[in-house]
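So the structure is just underneath, and the comments pick up after that.
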Amino acid sequence: MSKLEGRSIVLQVTGSIAAFKAAALASLLVDAGAGVQVVVSDGARRFIGDATFEGLTGRPVLSDLFERGRAHDHIRLAETADLLLLYPATANHVARLRAGAADDLIGCLFLANNFRRPYWIAPAMNSNMLAHPAVAEALTVLEGWGCRILPTGEGRLACGAVGYGRLLEPERVLELIVEALA
Ligand SMILES: Cc1cc2nc3c(=O)[nH]c(=O)nc-3n(C[C@H](O)[C@H](O)[C@H](O)COP(=O)(O)O)c2cc1C
Numbered sequence: 032m033s034k035l036e037g038r039s040i041v042l043q044v045t046g047s048i049a050a051f052k053a054a055a056l057a058s059l060l061v062d063a064g065a066g067v068q069v070v071v072s073d074g075a076r077r078f079i080g081d082a083t084f085e086g087l088t089g090r091p092v093l094s095d096l097f098e099r100g101r102a103h104d105h106i107r108l109a110e111t112a113d114l115l116l117l118y119p120a121t122a123n124h125v126a127r128l129r130a131g132a133a134d135d136l137i138g139c140l141f142l143a144n145n146f147r148r149p150y151w152i153a154p155a156m157n158s159n160m161l162a163h164p165a166v167a168e169a170l171t172v173l174e175g176w177g178c179r180i181l182p183t184g185e186g187r188l189a190c191g192a193v194g195y196g197r198l199l200e201p202e203r204v205l206e207l208i209v210e211a212l213a
């Protein structure tokens with residue numbers, strides 16, 4: 032049996048240069064047997080198309096909180112998912128979650144879940160952004176509330192700098208999810 036058969040993962044993607052890695056993760060999760068529902072921010076759509084995720088997961092991508100016929104998706108998804116993952120998590124969305132912002136689907140899902148299901152955050156950003164107190168403090172608060180903050184890798188970043196802030200590789204995230212849910 033596939034390692035994640037019958038498991039339901041909400042893969043939330045925000046607008047980082049590393050958003051392409053979310054497609055690889057969606058593919059790995061589907062191969063492992065999971066049902067994957069992708070939710071994208073407006074920012075994510077500047078980096079990767081919905082068709083990629085829909086093609087990989089076989090499900091329409093969700094984004095619009097007010098989409099007709101889907102008004103209660105944030106409640107349903109928050110109650111049925113085995114794991115909610117923000118991958119990659121931008122500085123913007125880290126700050127928004129910490130503030131309890133509820134004007135997009137990702138923010139509403141976060142609040143509606145209220146830690147009844149595991150909520151993981153995988154930051155991806157420039158090292159200076161990651162080290163900034165606005166981001167560092169928000170991640171500490173979110174961890175204190177019950178989120179699992181995944182580590183970032185060290186290496187060459189898209190901006191050309193070398194340091195921390197690289198998105199954790201999809202293969203490693205799959206391993207962690209299998210450990211947690213299988
Ligand atoms: C080329 C490019 C790459 C970016 N990469 C990142 C990134 O890796 N991490 C990040 O936090 N923001 C990054 N940003 C900035 C975000 O895209 C921007 O803050 C956006 O408003 C985030 O929207 P969202 O959080 O709604 O997805 C990048 C912007 C550009 C133009």
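Converting from the sequence shown to this note's numbering requires adding 31 to each position, the first position being numbered 1.
Ideal Cβ positions, reconstructed from N, Cα and C, are used throughout, including at glycine.
{"query": "Checking the sheet assignment: what are the DSSP bridge partners for TRP214?", "result": "Any property of residue 214 remains undetermined from this structure, which presents the chain solely from 32 to 213."}
{"query": "Just the C-alpha distance for ARG107 and ALA192, rounded to the nearest angstrom, thanks.", "result": "41 Å"}
{"query": "Taking the alpha helix (DSSP H) that GLY138 falls in, what are its first and last residues?", "result": "136-144"}
{"query": "Please look up how many angstroms separate the CB atoms of ALA122 and MET156, rounded, as I've assumed it's under 8 Å.", "result": "5 Å"}
{"query": "Can you find a CB in chain B that lies within less than 9 Å of the CB of VAL44?", "result": "You won't find chain B in this structure, because it holds only one protein chain."}
{"query": "In the structure shown, what three-state DSSP assignment does GLU98 receive?", "result": "coil"}
{"query": "Could you check whether LEU207 and LEU188 sit closer than 9 Å to each other, using their CB atoms as the reference points?", "result": "no"}
{"query": "In chain order, what residues of the same chain have a beta carbon less than 7 Å from the beta carbon of ALA75, not counting five sequence neighbours either side?", "result": "VAL44, THR45, GLY46 and ALA50"}
{"query": "In chain order, what residues of the same chain lie with their CB nearer than 8 Å to the CB of ASP95, ignoring the 5 residues before and after it?", "result": "ARG101 and LEU136"}
{"query": "Expressed to the nearest angstrom, what Euclidean distance is found between the alpha-carbon atoms of HIS105 and THR83?", "result": "22 Å"}
{"query": "Below 8 Å CB to CB, which residues in the same chain sit around VAL64 once its five sequence neighbours on both sides are set aside?", "result": "Note that residue 64 is Gly in the sequence shown, not Val. Contacts found: MET32, SER33, LYS34, LEU35, GLU36, GLY37 and ARG38."}
{"query": "Please go through the stretch 46-75 and give each complete beta strand (DSSP E) segment of 3 or more residues, from N-terminal end onward.", "result": "66-71"}
{"query": "Find the nearest neighbour of LEU161 within the set THR183, ARG203, GLY89 and VAL172, judged by alpha-carbon distance.", "result": "THR183"}
{"query": "Grab the span of the alpha helix (DSSP H) containing SER158 for me, first residue to last.", "result": "158-162"}
{"query": "Tell me where the alpha helix (DSSP H) around GLU185 begins and ends.", "result": "From DSSP, GLU185 is part of no alpha helix (DSSP H) but of the beta strand (DSSP E) over 184-187."}
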